[in-house]
């Protein structure tokens with residue numbers, strides 16, 4: 064006889080009220096115990112909802128799988144990827160075919176000839192499909208990851224929770240969780256101090272959210288790219304990450320009408336990619352990436368977060384809290400800085416007009432991280448040395464980027480009434496005004512900006528701000544020297560500017576001596592420009608004072624620093640080549656090579 068305990072009991076149905084309130088229901092009729100106790104009318108839904116896919120979906124899925132199997136046989140794939148509708152897991156052996164993507168309305172593309180890296184793994188197929196949420200790009204790769212090269216892990220995978228697996232937008236395996244954690248640690252330890260745009264606690268917490276609420280793949284790959292570039296252990300992965308970051312950014316841009324670009328995360332990703340491209344000397348790409356970052360920030364109104372401007376259509380909902388508003392501020396200022404520095408090195412036009420900026424400078428990093436709302440200073444006030452006691456370290460970098468922008472306008476947008484041959488002309492009036500602003504900024508900086516204070520030396524942006532003050536002074540006075548010599552002005556004009564230049568260059572060399580013991584791999588990618596400007600001043604000075612040993616020693620030291628930095632920043636190589644040209648006179652003239660006892664090769668470490 065069959066044991067009564069083995070007879071399956073009918074599945075209990077909860078009443079409508081208990082199901083709605085998610086209460087435990089005993090299923091008694093005509094009224095359950097909960098409704099009877101609370102005095103509610105109890106009713107049951109007699110029609111049970113069926114679970115599973117829509118009618119006809121399984122047949123369509125089987126037909127599509129059959130098509131895939133046929134294509135795989137035609138391509139002479141060495142093993143079978145798909146067996147049955149229930150067994151859709153990849154083989155335990157990692158192959159290039161794992162990189163292919165199955166799209167709903169197109170055939171399987173030819174597998175890409177990529178080598179499988181042992182530190183990578185393929186995302187589990189149990190995740191939800193790619194979706195677009197709040198302008199961000201989410202993918203199946205956001206979910207739990209299983210290393211396919213472990214047979215036990217494959218056997219232990221839970222049944223798939225999503226029926227729609229045909230639009231998984233991942234063509235490559237993600238790094239393992241250990242690699243991801245290591246890259247995040249490197250990024251926030253080395254790169255983040257000079258580019259503190261993301262809110263670190265929220266970003267790290269968001270990685271555990273539902274797939275559609277996690278940071279888009281484009282941003283994560285951009286972060287991993289910067290981290291790998293600053294790391295010895297993962298340096299060989301930076302190009303791979305960079306290509307994937309650009310691929311996902313392009314997918315966001317090409318999806319629908321391109322509305323996905325209206326996202327803080329996507330703007331942050333473009334800003335990081337532009338910084339990386341400058342480091343790698345991908346100048347044409349960097350120039351265009353900068354434009355994308357700036358234009359997306361402007362389209363979301365990030366340039367006027369704290370002021371009233373023209374009433375235009377809002378493309379972004381208001382910030383939920385102060386942290387989100389501050390992150391938007393920092394995102395805008397990151398694009399502002401890149402816009403200024405990219406134009407500074409080329410003389411090409413800037414995108415952002417300073418008069419359009421109605422967003423306050425970033426608040427302190429500590430307040431941002433802790434979510435403590437504090438007062439920040441506007442760019443207009445900071446340029447007039449008003450309220451600079453509230454200037455943050457990142458705000459100092461943004462302030463000096465604005466000064467570089469004024470330098471560019473001063474030099475490359477001459478007015479008809481400049482009259483640069485007359486010391487009373489508009490050109491020289493602007494020169495004296497900017498010189499006065501630089502002096503005021505230098506004198507009004509908060510006490511924590513003063514070098515060589517221990518806190519200041521350990522803050523990458525405070526160091527960079529101080530270097531920028533001297534670099535901006537050099538750029539301003541070198542232009543004055545050029546104008547004075549062109550119009551044969553009194554010698555006192557050029558003499559004063561040369562003294563200001565050599566003094567500022569010596570200050571840059573002193574700052575680098577103070578921080579030379581620190582890890583320079585994660586410093587702002589535009590720090591080498593400051594060193595280069597100072598080196599050129601020394602080179603020009605030595606042409607008329609070749610026996611000045613102190614200046615020779617300072618130049619040699621800066622060459623050594625750049626020789627060391629070029630290992631992680633190929634951009635530095637171009638600066639070293641230019642200095643070599645200045646030293647030798649011409650790279651094409653063998654007689655002039657190694658004219659001085661210090662050179663690029665000797666300076667390299």
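Residue numbers (our numbering): 64 to 668.
Note that CB positions come from ideal geometry on N, CA and C, so glycine has one too.
- Leaving aside the five residues that flank residue 515 on each side, the residues in its chain whose CB is nearer than 8 Å to its CB run, in chain order, 577.
- Straight through space, the alpha carbons of residue 105 and residue 288 are spaced by roughly 59 Å.
- Taken in chain order, the complete alpha helix (DSSP H) segments of 4 residues or longer contained in the stretch 74-98 are 79-84.
- Distance check between residue 471 and each of 411, 502, 486 and 509 places 411 closest, using alpha-carbon atoms only.
- Along the length of the stretch 281-309, whole beta strand (DSSP E) runs at least 3 residues long do not occur.
- For residue 464 against residue 403, the beta-carbon gap comes to about 4 Å, under 8 Å, which counts as contact.
- CA-CA distance, residue 616 to residue 605, rounds to 11 Å.
- The residue from 441, 647, 431 and 385 with its alpha-carbon nearest to that of residue 419 is 441.
- When C-beta atoms of the stretch 530-542 are compared with those of the stretch 568-576, three or more pairs fall below 8 Å, so the two segments count as touching.
- Sequence-distant partners of residue 77 (beyond 5 residues in either direction) whose C-beta falls short of 6 Å from its own C-beta, in its chain, are 88.
- Counting of Cβ neighbours within 10 angstroms places residue 299 among the exposed residues, the total staying below 16.
- With respect to residue 278, residue 338 sits apart: the two C-beta atoms are not nearer than 8 Å.
- Taken in chain order, the unbroken stretches of alpha helix (DSSP H) that lie wholly in the stretch 505-569 and span 4 residues or more are 517-520 and 523-549.
- Taking each of 332, 365 and 369 in turn and checking the Cα distance to residue 438, the smallest one comes out for 369.
- Proximity to residue 416 across 248, 99 and 357 peaks at 357, based on C-alpha coordinates.
- Leaving aside the five residues that flank residue 335 on each side, the residues in its chain whose CB is nearer than 6 Å to its CB run, in chain order, 285 and 289.
- Within a 10 Å sphere around the beta-carbon of residue 268 sit fewer than 16 other beta-carbons, which makes this residue exposed.
- Contact check for residue 405 against residue 425 fails: the beta carbons are separated by 8 Å or more.
- Counting along the chain, the unbroken alpha helix (DSSP H) around residue 269 starts and ends at 263-269.
- In the three-state reduction of the DSSP assignment, residue 379 falls in the coil class, being assigned neither a helical nor a strand state.
- The shortest CA-to-CA distance from residue 385 to any of 423, 350, 634 and 345 is the one to 423.
- Cβ atoms of residue 640 and residue 594 stay farther apart than 8 Å, at about 14 Å.
- Between residue 355 and residue 642, the alpha-carbon positions lie close to 32 Å from each other.
- For residue 347, the secondary structure class from DSSP, reduced to helix, strand or coil, is helix.
- Judged by DSSP secondary structure, residue 436 falls outside any alpha helix (DSSP H); it is assigned neither H nor E.
- When secondary structure is reduced to three states using DSSP, residue 258 falls in the coil class, being assigned neither helix nor strand.
- Judged by DSSP secondary structure, residue 466 falls within the alpha helix (DSSP H) whose first and last residues are 456-475.
- Under the 10 Å beta carbon count, residue 331 is surrounded by 16 or more other beta carbons and is classified as buried.
- Residues 480, 481 and 482 of the same chain have their beta carbon placed closer than 8 Å to that of residue 488, with the five preceding and five following residues left out of the count.
- For residue 446, DSSP records no beta bridge to any residue.
- For residue 367, no alpha helix (DSSP H) encloses it, and the DSSP letter there is neither H nor E.
- Residue 581 carries a coil assignment under DSSP once its states are collapsed to helix, strand and coil.
- In its chain, beyond the 5 residues on either side, 578 have a beta carbon closer than 6 Å to the beta carbon of residue 526.
- Straight-line measurement puts the Cα of residue 590 at about 11 Å from the Cα of residue 634.
- Less than 8 Å divides the Cβ of residue 395 from the Cβ of residue 360.
- Looking only at 408, 367, 517 and 433, the smallest Cα-Cα distance to residue 467 is reached by 408.
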